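Numbering (the numbering used here), first residue to last: 44 to 192.
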């Protein structure tokens with residue numbers, strides 16, 4: 044038994060039950076105020092993580108394409124990934140077309156295509172990622188603190 048003080052014993056099982064009830068309430072509240080756009084984001088995230096090929100593709104895209112500082116190398120990786128990947132189901136028809144077009148054009152015009160490829164990734168998953176760069180991380184955390192989060 045966990046004790047907070049000599050007079051007030053705390054039952055760990057009660058803490059677990061109370062915690063589960065609290066989180067269930069949070070989830071219910073969050074779901075009730077969720078916007079249509081947020082529901083779409085959640086559905087896309089579920090589609091990505093529910094499919095092993097989706098997780099693999101996303102990690103390959105992030106690691107081999109988006110993180111490259113060199114646009115020429117990133118463009119070549121994009122072309123290779125698009126050519127060799129069996130695109131997962133969460134990649135919709137518009138993004139499939141953009142990916143294939145970008146993969147063909149990127150090696151010819153990497154400085155033009157790669158910023159668009161990175162921007163599209165941020166549009167899709169940016170709300171789930173935080174930049175590890177200290178300056179950007181600090182800016183993000185300050186902004187969230189101002190929002191009361």
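Beta carbons: idealized from backbone N, C-alpha and C, even for Gly. All figures in this text were calculated on a predicted structure; none of them were measured in a lab.
Q: Report buried or exposed for residue 151, applying the criterion of at least 16 other Cβ atoms within 10 angstroms of its Cβ.
A: Result: exposed.
Q.
Only counting the same chain, and skipping five residues up and downstream in sequence, which positions put a Cβ closer than 6 Å to that of residue 183?
A. Closer than 6 Å at the Cβ level, and outside the excluded window around residue 183, lie 173.
Q: Examine the ligand FAD and report whether any of its heavy atoms sits within less than 8 Å of the Cβ of residue 69.
A: This structure simply doesn't include the ligand FAD, nor any ligand for that matter.
Q | 8 Å CB neighbourhood of residue 125 in its chain, flanking five on each side removed | A | Same-chain partners within the cutoff: 142, 143, 145, 146.
Q: Assuming residue 129 contacts residue 96 (C-beta within less than 8 Å), just tell me the rounded distance between them.
A: Taking the Cβ atoms as the reference, residue 129 lies roughly 6 Å from residue 96, within the contact range of under 8 Å.
Q) Would you say the stretch 109-117 touches the stretch 81-95, given that touching needs at least three Cβ pairs under 8 Å? A) Contact fails: fewer than three Cβ-Cβ distances are below 8 Å.
Q: Would you tell me roughly how many angstroms separate the C-alpha atoms of residue 44 and residue 64, rounded to the nearest one?
A: Because residue 44 carries a pLDDT of 48, less than 50, the predicted location of this residue cannot be relied on, and the following value inherits that uncertainty. Distance between the alpha carbons of residue 44 and residue 64: 21 Å.
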